[in-house]
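Enquirer: Per my numbering, the sequence shown starts with residue 95, numbered consecutively.
We treat Cβ as the ideally placed atom computed from N, Cα and C, and that holds for glycine.
Quick one: the structure is below, questions incoming.
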Amino acid sequence: MSQLCGPERAEVYTVAWIAALPHERAAGEAMFDEEYEDPPADFKKSRGDPNAYSWGKIGKHYVVVAALPSGEYGLTSTATVAQGLHSSLPYVRIGLLVGIGAGVREIVDEEDKTVDQRDIRLGDVVVSHPEGTVGGVVQCDLVKAKTVGGSEVLERKGSLNSPPLALRTALTKLQATHIKRGTTIPTIIAEAFDRYPNMRSDFCHPGLGGTEIDRRTDTYHSRAGTTISNEARISPKIHYGTVASSNTLEKSARHRDTVLARLAKENIKPMCFEMEAAGLMNNFPCLVIRGTCDYGDEHKNDDWQNYAAMTAAGFAKEFLRCVDVQEIQETQEIGNLILQSLGTLHQAVEQNREDVSRLKMRADAHRRSHILDWLCSDDYSTEFKTRRAKHLRGTGQWFLEDSTFLSWVQADRSSTLICPGGPGCGKTTISTLVIDHLRNTSGLQKPVIYFFFDYQRQAEQTVDDFVATLLRQLASLSQEVFSAVEKLHNRFVFQSRRPSLDDLQSELRTAFQTITDVFVVIDAWDECESVKRAECANMLRGCLSRCIVHLLATTRDDHEVQALLNGDLNLRIRASAEDLSLYAKTRAVELAPNIKNNEGLVKNVIEGVIDACDGVFLLARLHMNSMQDHLTANEVKGTLTGLRKDIGSYISAYKATMERISGQKRRYGLAMRILAWVVHAKRPLSFGELNHALATRPGKRFIDGDDTYAKEVILSVCAGLVTLDDTYGTPVRLIHYTAQEYLFDTWMQWFPTESANIVDVCLTYLSFDDFKYPCLDWQALSSRHYHYTLFEYAAQNWAYHFKNKKLPREREETTTRMALDFLLDRSQVCSAVQALDRLSPEGYDLMCHGIHLTAYLGLEDLTMRLIAMGVEPELEDIGRRSPLWWAARQGHADVVKALLDTERVWVTRRDGYYTDPPDTYGQTPLAVAAGNGHEEVVQVLLGIVKTSVDQQDQQGRTPLSLAAANGHLNIVQILLDTRLVDVNKMDFYFLTPLSYAAKNGHEGVIRVLLAVPGIGVNCKDYGETPLIHAVTYSHEGAVKALLAAEGVDIHWEAPHRGNALDVAKHNMHTGIIGLLEAAGVSDTSESKRKERPKEGNTQRHGGRR
95 MSQLCGPERA EVYTVAWIAA LPHERAAGEA MFDEEYEDPP ADFKKSRGDP NAYSWGKIGK
155 HYVVVAALPS GEYGLTSTAT VAQGLHSSLP YVRIGLLVGI GAGVREIVDE EDKTVDQRDI
215 RLGDVVVSHP EGTVGGVVQC DLVKAKTVGG SEVLERKGSL NSPPLALRTA LTKLQATHIK
275 RGTTIPTIIA EAFDRYPNMR SDFCHPGLGG TEIDRRTDTY HSRAGTTISN EARISPKIHY
335 GTVASSNTLE KSARHRDTVL ARLAKENIKP MCFEMEAAGL MNNFPCLVIR GTCDYGDEHK
395 NDDWQNYAAM TAAGFAKEFL RCVDVQEIQE TQEIGNLILQ SLGTLHQAVE QNREDVSRLK
455 MRADAHRRSH ILDWLCSDDY STEFKTRRAK HLRGTGQWFL EDSTFLSWVQ ADRSSTLICP
515 GGPGCGKTTI STLVIDHLRN TSGLQKPVIY FFFDYQRQAE QTVDDFVATL LRQLASLSQE
575 VFSAVEKLHN RFVFQSRRPS LDDLQSELRT AFQTITDVFV VIDAWDECES VKRAECANML
635 RGCLSRCIVH LLATTRDDHE VQALLNGDLN LRIRASAEDL SLYAKTRAVE LAPNIKNNEG
695 LVKNVIEGVI DACDGVFLLA RLHMNSMQDH LTANEVKGTL TGLRKDIGSY ISAYKATMER
755 ISGQKRRYGL AMRILAWVVH AKRPLSFGEL NHALATRPGK RFIDGDDTYA KEVILSVCAG
815 LVTLDDTYGT PVRLIHYTAQ EYLFDTWMQW FPTESANIVD VCLTYLSFDD FKYPCLDWQA
875 LSSRHYHYTL FEYAAQNWAY HFKNKKLPRE REETTTRMAL DFLLDRSQVC SAVQALDRLS
935 PEGYDLMCHG IHLTAYLGLE DLTMRLIAMG VEPELEDIGR RSPLWWAARQ GHADVVKALL
995 DTERVWVTRR DGYYTDPPDT YGQTPLAVAA GNGHEEVVQV LLGIVKTSVD QQDQQGRTPL
1055 SLAAANGHLN IVQILLDTRL VDVNKMDFYF LTPLSYAAKN GHEGVIRVLL AVPGIGVNCK
1115 DYGETPLIHA VTYSHEGAVK ALLAAEGVDI HWEAPHRGNA LDVAKHNMHT GIIGLLEAAG
1175 VSDTSESKRK ERPKEGNTQR HGGRR
């Protein structure tokens, strides 16, 4: 078509036709009835306008085609187009976004699995049309994470504007015309080909070959897995509805269906996906027209793109013929629209300056919380609040008024107050009361920090945890301390590692120096694991000289603990008669009506309890509990007569409580099952976990909600022996650790059968029908953990209960059979494996055979039973890991020996020795055993696999380097004693075993390696020596050991970093700086560093391994 001269004024162009891709622009320009070579005479393209414009006329409308810059598409780019139009062509009034998209053939309802199918085929046209609350376009990737019912879900945010009235009116008119006469798109396309013959071959229907049409061109792969082949349409069908817009090119059926399912929950069912519309709709509402070129899945290709662009352009031209010129003139110009948007935005900014400040404060608070959580996940504030809520107001005042306590509070030097007391006398109540009192009276001038030791948390309450908790509490109270912790966080996060105990202790000592006066309250010091007590005590004693430290510690009567703390003050804790009387009076209102109304009897109860308790709150609680079921005065009198006041009073009280429970008849069995779980569970159970355990019986295939119990029932049937706080997630516990001790010693008397049933419950739960298959995404896995509260516990601990079961022979075989049935079901094994370490859903098949699981869990008997049943002992998982590999990794020497004794195991003889097969990453059973510190397994394997002692994995690491990297001194010595290892062997990053030990600060390993003749003390990886590594990661002991080594080059300069002293000064580690200066190291200037020639590689090694 010949190009004509167009109008001279730019304001006559009222229609903007926006195209993202070159073939979309070509299709749009082919629709011009008149095409103009030059822009209007008064057109001035604004600076910064990236659009490429074409000028023409369609029907009565002057149209400008605006195209994105080559190679750009998506929401951001189309928003840029709108800005360009506003600045260069502010007179444009309506817009058409014309191009290609991905059609949606079906939407599956995830709840009832019904399928909403649409007859959308390739080449059809989808037009945006308002539906319900959606204006025709929905931005499907503008979402926020939200927790609903314990699971994280994605919620779509915001909404997009509808097209202008002029466009919607014209659309109604065109729809009516199509109903009467059908579409003229094929004719419009044919006319375009007549004007531009060169386009015919590339832009015609892909199914047209001469005059014939391939009836199987349109192929759709359904979600059900079937392939649907449709006859291709010569005349496209027009579909009106919602268009889904995002920044992501849709080419994954799984992702597409996930998005569709999320939108369907909001009753939004898109007709197609595309990538530009949402970038326009709020600033420049327009009509979106998309030709269907694929279905947004893995079968996406370019075959239909040109033709789909032509059908969309054909519809746009047909549509413009229906648009009234006068209605366009009445539509607001884009310039005014955007000015209005800017005005609104400016007003919003002015009105919300305070909100911006608040957001910044919130962001700062979030970062602060993130850093404190990195330091230590639990600051014990929740436990403090829970304990404070249980305190009976008015009790414990005697302690706060005692002269010894007041002397401790008012001391002008460091002071340690030891508060011993018998079991159940109220030590935790007093420590909680003291913390609350000090926080209310001392203010911020004297911070109060605290720690609650707990016998049930001994495994997690490490010395590191103890120090980090105190440091976190100080950091939350002092900005100066927090700033120091923030620097610690930045340094160690950059190095991708956690601070060592030495680092934490050094930081805590420094923190104490910044504070003049501090209160430290430690509860139940005797419940700290005995091997940790001395280290915790020494750490605290080291802080006493840094500032005035008021240390209060409660403990049982344990002379060893008291000697460790070396207190200068002592105040014994025991419940006063006034406290016991107040407690008994408070509980007396719970007695039967005929008893509590008998004043004389109530007085006798109170006096009898006080006398029998002898200063022990716990006994008062047990005795008052024992009277709750009494209905007559004589029953109460009989109980009062039997109360004991001697060393056996606890045992007597617990025995009486258990006998009381035994008399409940129907509720007795439930109570025994509850107590069995609370006593024998490997860790404390939440209420939800316990409830599912109680509702699960052998043979069941699912959880029935009608089988669960109310919290009040669980508490009442156990006659006060069990407690459960209202705080979400808090565990079900026994009333006191003495109850745990009593029931652990006497469980065979009270609930032997129920204890044996625990493993059966776990195996039954793991075999539920809903766990038949593993989860495929995080959302499904989170939902499974939320709805099946015992799932994680059962998966992680069934093996523990299986190993510790005490059953008669016939029951033993039944339980073993249950375990084997579970292990032979590969899908259910995969589901359980996901819960072992919260593996990612994509990694569920890492150990997807039962024999891998038994080897991983150290179940020797079940492993051999599976082999006897025909399971291959050398069976590999997806990572080529055998059962032997998993047993070696976990340190189960008995399983390793049993597998090696099996004639059918993996062994292959070579050069007189058995080989040690590696996994996908090149790590052998010997390597993973050495790297994880399993000494016995290493010795067993070394007896038969000599050839793999120095075998390298895919990163070049040997068993020796892995053991050295993780500080396993004995294993390092064992491997060196074989004389089959190269102590200087480098991995593929040029790191030797000595380099690894230096990087990770394992001083003992360093000294052993340095004693080996020929050790490369100055070995270099990317120009860095072991000494430089030790200094970089602030390992003072390692630096000291390396400085003492013969031949160490203390002056070596690492590329771009300088020598060891330069690095130490950069890290501001004063201790290491002193060591290096004493050794004669001097820092270097930048100029000298540049002049000195360097050896080896000048590239910097990029991170700790």
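Where residue 880 and residue 471 are concerned, what is the direct C-alpha to C-alpha distance, given to the nearest angstrom?
Expert: Taking the straight line from one Cα to the other gives about 21 Å.
Enquirer: Using 8 Å as the threshold, is the stretch 1087-1106 in touch with the stretch 1127-1136, meaning 3 or more CB pairs across them?
Expert: At 8 Å Cβ cutoff, the stretches touch.
Enquirer: Going by CA-CA distance only, name the one from 993, 1076, 1051 that's closest to residue 1038.
Expert: With distances taken between Cα atoms, residue 1038 lies closest to 993.
Enquirer: Can you pull the DSSP bridge partners for residue 1214?
Expert: There is no way to answer for residue 1214, as the model of the chain reaches only from 95 to 1199.
Enquirer: Give me the Cα-Cα distance between residue 533 and residue 539, rounded to the nearest whole angstrom.
Expert: Approximately 10 Å, taken between the alpha carbons.
Enquirer: Check whether the stretch 545-555 touches the stretch 638-645, counting contact only when three or more Cβ pairs, one atom from each stretch, lie closer than 8 Å.
Expert: Result no; under three Cβ-Cβ pairs closer than 8 Å.
Enquirer: DSSP three-state call for residue 965: helix, strand or coil?
Expert: Looking at residue 965 - three-state DSSP - the assignment turns out to be coil, as it is neither helix nor strand.
Enquirer: So does the stretch 710-720 actually touch the stretch 807-821, counting three or more Cβ pairs closer than 8 Å?
Expert: Result yes; three or more Cβ-Cβ pairs closer than 8 Å.
Enquirer: Measuring straight from C-alpha to C-alpha, what distance separates residue 970 and residue 593?
Expert: Residue 970 and residue 593: Cα-Cα distance of roughly 37 Å.
Enquirer: Is the beta carbon of residue 151 less than 8 Å from the beta carbon of residue 127?
Expert: Closer than 8 Å, so yes.
Enquirer: DSSP puts residue 642 in a beta bridge; with which residues?
Expert: Paired residues: 611.
Enquirer: Mapping DSSP to helix, strand and coil, what is residue 894?
Expert: DSSP places residue 894 in helix when its eight states are reduced to three.
Enquirer: Does the contact criterion of 3 or more C-beta pairs under 8 Å hold for the stretch 275-292 versus the stretch 321-340?
Expert: With a cut-off of 8 Å, the stretch 321-340 and the stretch 275-292 count as touching, because enough Cβ pairs lie within range.
Enquirer: Within the chosen definition, does the stretch 207-216 reach the stretch 339-351 through at least 3 CB pairs nearer than 8 Å?
Expert: Touching, no.
Enquirer: Let me know the secondary structure DSSP gives residue 199 once reduced to three states.
Expert: It is coil, neither helix nor strand.
Enquirer: Would you grab the beta carbon distance between residue 978 and residue 1019 for me? Rounded to a whole angstrom, and I think it's under 8 Å.
Expert: About 5 Å separates the two Cβ atoms, so the contact holds.
Enquirer: Which residue wins for smallest C-alpha separation from residue 1048, given the options 1015, 597, 198, 425?
Expert: Comparing Cα-Cα distances from residue 1048 to each of 1015, 597, 198, 425, the minimum goes to 1015.
Enquirer: What is the C-beta distance between residue 364 and residue 198, in whole angstroms, given that I count them as a contact (C-beta under 8 Å)?
Expert: Going by Cβ atoms, the distance from residue 364 to residue 198 rounds to 6 Å, so yes, they are a contact pair.
Enquirer: Under 8 Å Cβ to Cβ from residue 827, same chain only, skipping five residues before and after it: list those, please.
Expert: The residues are 550, 772, 778, 816, 817, 818.
Enquirer: With C-beta atoms as the reference, is residue 1044 less than 8 Å away from residue 1066?
Expert: No.
Enquirer: Any chance the stretch 183-192 sits against the stretch 418-428, with 3 or more Cβ pairs inside 8 Å?
Expert: Touching, yes, given that three or more Cβ pairs across the two stretches are closer than 8 Å.
Enquirer: First and last residue of the beta strand (DSSP E) that includes residue 386?
Expert: 381-388 is the extent of the beta strand (DSSP E) around residue 386.
Enquirer: What's the gap between the Cα of residue 947 and the Cα of residue 631?
Expert: Cα to Cα, the separation comes out at about 41 Å.
Enquirer: If we require 4 or more residues per run, which alpha helix (DSSP H) segments fall completely within the stretch 843-869?
Expert: As far as the stretch 843-869 is concerned, its whole alpha helix (DSSP H) runs of at least 4 residues are 846-860.
Enquirer: Mind checking residue 443: buried by the 16 CB within 10 Å criterion, or exposed?
Expert: With a pLDDT of 49 at residue 443, under the threshold of 50, the modelled position of that residue is not reliable, and the figure given next carries that caveat. With fewer than 16 Cβ atoms within 10 Å of its Cβ, residue 443 is classed as exposed.
Enquirer: Report all residues from its chain with a CB closer than 7 Å to the CB of residue 673; omit the five preceding and five following residues, and keep chain order.
Expert: Result list for residue 673: 489, 490, in chain order.
Enquirer: Using only CA atoms, which one of 991, 652, 230, 149 lies nearest to residue 379?
Expert: Nearest C-alpha to residue 379: 230.
Enquirer: Does residue 803 come out as helix, strand or coil in the three-state DSSP assignment?
Expert: Coil, per DSSP.
Enquirer: What is the DSSP secondary structure of residue 488, counted as helix, strand or coil?
Expert: The answer is coil: DSSP assigns residue 488 none of H, G, I, E or B.
Enquirer: Confirm, please, whether the CB-CB distance from residue 917 to residue 944 is below 8 Å.
Expert: Contact: yes.
Enquirer: So which of 266, 1135, 1168, 1115 has the shortest CA-CA distance to residue 1149?
Expert: Residue 1149 has its Cα closest to that of 1115, out of 266, 1135, 1168, 1115.
Enquirer: Just the C-alpha distance for residue 291 and residue 353, rounded to the nearest angstrom, thanks.
Expert: Cα to Cα, the separation comes out at about 41 Å.
Enquirer: Are the beta-carbon atoms belonging to residue 657 and residue 704 less than 8 Å from one another?
Expert: No; because the gap between Cβ atoms is not below 8 Å, this pair is not in contact.
Enquirer: Quickly, what does DSSP pair residue 111 with across the bridge? List them, please.
Expert: Note: residue 111 sits in a beta bridge opposite 159, 190.
Enquirer: Could you give the distance in angstroms between the alpha-carbon of residue 1141 and the alpha-carbon of residue 1083?
Expert: Approximately 23 Å, taken between the alpha carbons.
Enquirer: What would DSSP say about residue 151, mapped onto helix, strand or coil?
Expert: It is a strand residue.
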